[in-house]
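Student: First residue of the sequence shown: 1, per UniProt numbering; consecutive thereafter.
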Amino acid sequence: MIGGFLGAGKTTLIARLAKQLQSEGKHVCIVTNDQAAGLVDTQLLKSQGLEVNEVAGSCFCCNFDGLTDAMEEFENRQRPDVVLAEPVGSCTDLIATIAVPMMERLGGKFVHRPYAVVLKPNHGKKILSGVGGGFSEKAEYIFRKQLEESEIILLNRIDELSDEDVQALKEQLNEQYPGRKVIPLSAKTGENLDVLYQAFQGDAAPRESMMEVDYDVYADGEAELGWLNATVNFRSEDSFALDDLSVGLVDELRQRLLALGAEPGHLKVLCSDNEADDQPVSVANLIDSDSQTVLSIASETNSRSANAIINARVRLAPESLTEEVQQVVQSVAARLNAETETTQLDSFRPGRPEPTYRSV
1 MIGGFLGAGK TTLIARLAKQ LQSEGKHVCI VTNDQAAGLV DTQLLKSQGL EVNEVAGSCF
61 CCNFDGLTDA MEEFENRQRP DVVLAEPVGS CTDLIATIAV PMMERLGGKF VHRPYAVVLK
121 PNHGKKILSG VGGGFSEKAE YIFRKQLEES EIILLNRIDE LSDEDVQALK EQLNEQYPGR
181 KVIPLSAKTG ENLDVLYQAF QGDAAPRESM MEVDYDVYAD GEAELGWLNA TVNFRSEDSF
241 ALDDLSVGLV DELRQRLLAL GAEPGHLKVL CSDNEADDQP VSVANLIDSD SQTVLSIASE
301 TNSRSANAII NARVRLAPES LTEEVQQVVQ SVAARLNAET ETTQLDSFRP GRPEPTYRSV
């Protein structure tokens, strides 16, 4: 498992790691996870030719059987050498609820590698320094618990950080979470991916005791975020750029969230060309209120018909988030002279985590 907070860069890292493993002749499968169906990350990984199963509707810990079923389904087709699992970005306590129960029940089939957590630097700098990351103390509690249960902390996005920032974060991590291996890397460029790869060659360390978690605080922290997954079809008599659609949706919503003072945990849009057989994709994302919209994958494609998958995790009431997203969709559609059809829209606050199993 590779965990980490919303927007930390887990999916990009998993894709890079999967391709490196494939280059060595290994059969690699990926399990993604979300509180609802319609996950950008699943479609993004599939668009890169990777084999993916999605566990939707609840986190791994609350749907243990869903995770093991997804892994068994891979085996029914072709037994994987490696399964990479990406838990929901607002989840923690995964050693006690997933890793240990899986070894107890399926230890003869699977070996669990060291648990790695990806650190999101922008929120990390604020939270580790005590300034606050734009969320409440209860949401920050989840962020810190993710780091606490890790064996490896992956300091991501070093391509965007100064040497001084990297050093300061390493010192804070070593002071506040001693004993963890800290690996600075860039999921985007692949820098230091080889160091992580070597770290994954060892087995997970035995846990003499499980991390203590206050599930009341954990539940309140998750419920602070409005969660939205939507799928919208755009169709126009005029050709439009797929990249303009994905960037336009994210950037216009970014401006609205700034005006509302609503901190985004993550905002990601994937647009695919409905007219092309190979369905090239465009992906734009936003990781926090201090950042700009990023076109992370450019399609450089024009189309008259496109499908947009929108995932938003924001400190905002779900009803308000829905309204903002719907207004942005119509605004962008008007600019592109397009008609829209929303085929899926789920908006909610995550419910209280109720793990299937929990080792003590």
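A virtual CB, placed ideally from N, CA and C, is assigned to each residue, including glycine.
Quick test of your reading: Glu137 and Asp93, contact by CB under 8 Å. State the CB separation rounded to the nearest angstrom.
Tutor: So it is not a contact: roughly 18 Å between Cβ atoms.
Student: The beta strand (DSSP E) with Ser284 in it runs from where to where?
Tutor: A quick correction: the sequence has Ala, not Ser, at residue 284. It spans 281 to 286 - the beta strand (DSSP E) in which Ala284 sits, taken as one unbroken run.
Student: So, helix, strand or coil for Glu229, using DSSP?
Tutor: The displayed chain sequence assigns Asn, not Glu, to residue 229. Here Asn229 sits in strand by DSSP.
Student: Applying the 10 Å Cβ sphere with the 16-neighbour rule, what's the burial state of Pro178?
Tutor: Classification of Pro178: exposed, given that the 10 Å Cβ count is below 16.
Student: Around the Cβ of Ser209, are there at least 16 other Cβ atoms within 10 angstroms (buried) or fewer (exposed)?
Tutor: Counting Cβ neighbours within 10 Å, Ser209 comes out exposed, since fewer than 16 surround it.
Student: Alpha carbon to alpha carbon, how far is Asn307 from Ala205?
Tutor: Near 44 Å, if we compare the C-alpha coordinates of Ala205 and Asn307.
Student: Name the one or two DSSP bridge partners that Asp346 has.
Tutor: DSSP output for Asp346 lists Asn229 as bridge partner(s).
Student: Compute the Euclidean distance between the alpha carbons of Glu237 and Arg304, then round it to the nearest angstrom.
Tutor: Approximately 6 Å, taken between the alpha carbons.
Student: Should Gly25 be labelled buried (16 or more other beta-carbon atoms within 10 Å of its own) or exposed?
Tutor: Exposed, since its Cβ has fewer than 16 Cβ neighbours within 10 Å.
Student: Go ahead and label Thr42 buried or exposed: buried means 16 or more other beta carbons lie within 10 angstroms of its beta carbon, across all protein chains shown.
Tutor: Thr42 is buried by the Cβ-count criterion.
Student: Contact check, Ala8 vs Leu119 under 8 Å by CB: the rounded distance?
Tutor: With 8 Å as the limit, Ala8 and Leu119 qualify as a contact, their Cβ atoms being about 7 Å apart.
Student: Output needed for Gln330: all residues of its chain with C-beta closer than 6 Å, excluding positions within five of it in sequence on either side, in chain order.
Tutor: The answer is none, since no qualifying residue turns up.
Student: Can you grab the Cα-Cα spacing for the pair Ile98 / Thr12, in whole Å?
Tutor: Computed Cα separation, rounded: 23 Å.
Student: For Thr32, which three-state DSSP category applies?
Tutor: Reduced to three states, the DSSP call for Thr32 is strand.
Student: Could you check if Leu258 is buried or exposed, using at least 16 other CB atoms within 10 Å of its CB as the buried criterion?
Tutor: When all chains shown are included, Leu258 counts as exposed.
Student: Under 8 Å by Cβ, that's how I've got Leu228 and Ile310 pegged, so tell me the actual separation to the nearest angstrom.
Tutor: Confirmed, about 7 Å.
Student: Quick check: what's the CA-CA separation for Gln344 versus Asp273?
Tutor: Between Gln344 and Asp273, the C-alpha separation is close to 18 Å.
Student: Please determine, among Phe60, Asp251, Phe200, the residue with the shortest C-alpha to C-alpha distance to Val269.
Tutor: Closest by alpha carbon: Asp251.
Student: Please identify the residue among Leu106, Asn33, Ile183 whose C-alpha is closest to the C-alpha of Pro87.
Tutor: Closest option to Pro87, Cα to Cα, is Asn33.
Student: Rank Gly351, Met1, Arg77 by C-alpha distance to the C-alpha of Glu222 and give the top, closest one.
Tutor: Closest by alpha carbon: Gly351.
Student: Take Asn302 and list the residues in its own chain whose beta-carbon comes closer than 8 Å to its own, dropping the five residues that flank it on each side.
Tutor: Once the five neighbours on either side are set aside, the close Cβ partners of Asn302 are Ser239, Phe240, Ala241, Leu242.
Student: Report yes or no: do the region 176 to 195 and the region 141 to 161 share at least 3 C-beta pairs separated by less than 8 Å?
Tutor: With the cut-off at 8 Å, the region 176 to 195 and the region 141 to 161 touch.
Student: Whole angstroms are fine: how far does the CA of Glu354 sit from the CA of residue 380?
Tutor: Not covered by the structure: residue 380. The range shown for the chain is 1 to 360.
Student: Only counting runs of 4 or more residues, tell me where the alpha helix (DSSP H) segments fall wholly within the region 115 to 192, in order along the chain.
Tutor: Fully enclosed alpha helix (DSSP H) runs of 4 or longer: 121 to 128, 137 to 148, 163 to 176.
Student: Would you please state the rounded distance, in angstroms, between the beta carbons of Arg349 and Leu6? I believe it to be under 8 Å.
Tutor: The Cβ separation is near 14 Å, so there is no contact.
Student: Beta-carbon within less than 7 Å of Gln201's beta-carbon, same chain only, minus the 5 sequence neighbours each way: which residues are those?
Tutor: Within the same chain, Gln201 has no close Cβ partners at all.
Student: Can you grab the Cα-Cα spacing for the pair Cys62 / Asn337, in whole Å?
Tutor: Their backbone Cα atoms lie some 43 Å apart in a straight line.
Student: Measure the CB-CB distance between Pro193 and Gln20 and report whether it falls below 8 Å.
Tutor: Checking the displayed sequence, the identity of residue 193 turns out to be Leu instead of Pro. Cβ distance < 8 Å, so Leu193 and Gln20 count as in contact.
Student: Could you name the residues that DSSP lists as bridge partners for residue 364?
Tutor: There is no way to answer for residue 364, as the model of the chain reaches only from 1 to 360.
Student: Which residue or residues does DSSP assign as beta-bridge partners of Val314?
Tutor: Paired residues: Gly226, Pro264.
Student: For Asp269, write down the residues that DSSP places opposite it in a beta bridge.
Tutor: It should be noted that the sequence gives Val, not Asp, for residue 269. Ala284, Ile310.
Student: Exposed or buried, Thr68, counting other C-beta atoms within 10 Å across all chains shown (16 or more means buried)?
Tutor: Counting Cβ neighbours within 10 Å, Thr68 comes out buried, since at least 16 surround it.
Student: Between the Cα of Tyr218 and those of Ala139, Leu39, Glu324, spot the shortest distance and give me the residue it belongs to.
Tutor: Checking every option, the nearest Cα to that of Tyr218 belongs to Ala139.
Student: What span of residues does the beta strand (DSSP E) with Ala56 cover, start to end?
Tutor: 51 to 56 is the extent of the beta strand (DSSP E) around Ala56.
Student: Are the Cβ atoms of Leu295 and Arg254 separated by less than 8 Å?
Tutor: No, the pair does not count as a contact, with Cβ atoms beyond the cut-off.
Student: For Ala85, name the three-state secondary structure that DSSP assigns.
Tutor: Ala85 falls in the strand class under three-state DSSP.
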